[in-house]
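Scroll down for the structure; my scribbles are underneath it.
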Amino acid sequence: MNNSVKTDDVIFNFFKQICDEKNDQKCIDLGNSWIKAMEKNLENIEANLDEADKEKHENDIKNNRDHLNSLKGKNSTEWREYATKCMIEIMGKKV
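The sequence shown begins at -4 in our numbering and counts up by one.
Here it is as structure tokens:
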């Protein structure tokens, strides 16, 4: 039996936390922590790419950064809507 934690499950549960959070400020804080974590992931990815791969993936990295920037400043309602869409997408992959 495979007991490893799957990335999609962790992400799904994080977004569920955002949706379930009753305190609007805590909901926003969770969303903002998501942005920071994903920005850190992008930094780590870039740091580990050689120059050829950096060029190859430049547009993908830029698109990810632009997406994260578009999330900044969301209110709690917007974060809950975003999190719900992400959870639906994750569930769609499992079918």
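Yeah, the Cβ is synthetic: ideal placement off N, Cα and C, and Gly gets one too. In this text, all values refer to a predicted model and were calculated from it rather than measured experimentally.
Measuring alpha carbon to alpha carbon, tell me which residue in K88, R60, T2 and I6 is nearest K35. As a position in the sequence shown, residue 35 is number 40, starting the count at 1. Of the listed residues, the one whose Cα sits closest to K35 is R60.
Is D61 near the ligand SAM, going by C-beta to nearest heavy atom under 6 Å? The model depicted lacks the ligand SAM and carries no ligand whatsoever.
Reducing DSSP to helix, strand and coil, say where H52 ends up. Your numbering for residue 52 matches position 57 in the sequence shown. Assignment of H52 by DSSP, reduced to helix, strand and coil, places it in the coil class.
Buried or exposed for I13, please, with buried defined as at least 16 other CB atoms from any protein chain shown within 10 angstroms of its CB. Against the sequence shown, residue 13 aligns to sequence position 18. By the 10 Å Cβ count, I13 comes out buried.
Hey, C81 and F9: beta-carbon distance below 7 Å or not? As a first step, residue 81 must be located in the sequence shown, where it is residue number 86. As a first step, residue 9 must be located in the sequence shown, where it is residue number 14. With respect to the 7 Å criterion, C81 and F9 are not classified as neighbours on the basis of their beta carbons.
Start and end of the alpha helix (DSSP H) containing K31? For the purposes of this step, residue 31 is taken as the residue at position 36 of the sequence shown. Residues D19 to A42.
Cβ neighbour criterion (16 or more within 10 Å) applied to G91: Lying before the first or after the last residue shown, residue 91 is absent from the chain, which here runs from -4 to 90.
Can the beta-carbon of I23 be found closer than 7 Å to that of S71? Along the sequence shown, read from residue 1 onward, the residue named residue 23 stands at position 28. Along the sequence shown, read from residue 1 onward, the residue named residue 71 stands at position 76. Closer than 7 Å, so yes.
So for E46, helix, strand or coil by DSSP? Counted from its first residue, the sequence shown places residue 46 at position 51. In this structure, E46 counts as helix in the three-state DSSP scheme.
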